[in-house]
Amino acid sequence: MRLSLFFVAIAASFLFTSQAFSATMDNNQAKIATLASPADPNERLLRVHPRVEEEDDSEDDSEERNYWKYFSRTDKDDLIAHAKNLGFDLKASFKDTSIFNRLSSDHQWAYINKLNEIKKNTSLPRPP
């Protein structure tokens, strides 16, 4: 009985020394470790997602900031004053839309109605 335990111990030590039971299951580990790294760090093979170029906002006539250049100085001043009465900075809201989104819906509609009133009274170019 003790002889069988002795043979089991010998077999187990043989298997562990021959690395039959490796800690990692990847058989290609030696190949991965011996790969040469590129000389230039910019040559690393990384997954890169293509950059999305932002579209030019000047071509999109659906937003009020693109109508801004067609408004007269008095119309601009009226719209800025109206926005200030509603509690937001109009020029800052052109860059950060969350400023306008934080307004109540009543204030948003009041601004939109004023903007549409000015648009109606301004001669705007028609899209082609």
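Its first residue numbered 1, the sequence shown is counted upward by one per residue in this note's numbering.
C-beta atoms are modelled at their ideal positions from N, C-alpha and C, and glycine is treated no differently.
Environment of residue i [buried if 16+ CB atoms lie within 10 Å]
i, result
"ALA83", "buried"
"ILE112", "exposed"
"ASP96", "exposed"
"PHE100", "buried"
"ILE10", "exposed"
"PHE14", "exposed"
"PHE16", "exposed"
Rounded distance between the beta-carbons of residue j and residue i, thought under 8 Å
i, j, result
"ARG75", "THR122", "Reading the sequence as shown, one finds Asp at residue 75 and not Arg. Sure, about 7 Å apart at Cβ, within 8 Å."
"TYR67", "LYS119", "6 Å"
Contact set for residue i: own chain, Cβ-Cβ below 7 Å, skip 5 residues either direction
i, result
"LYS114", "LEU79, HIS82"
"SER104", "none"
"LYS91", "none"
Same chain, Cβ closer than 8 Å to residue i, neighbours up to 5 away in sequence not counted
i, result
"SER129", "The chain is shown from 1 up to 128; residue 129 falls before or after that span and cannot be answered."
"PHE71", "LEU79, ILE118, THR122"
Own chain residues within Cβ distance below 6 Å of residue i, not counting five before or after
i, result
"HIS107", "LEU86"
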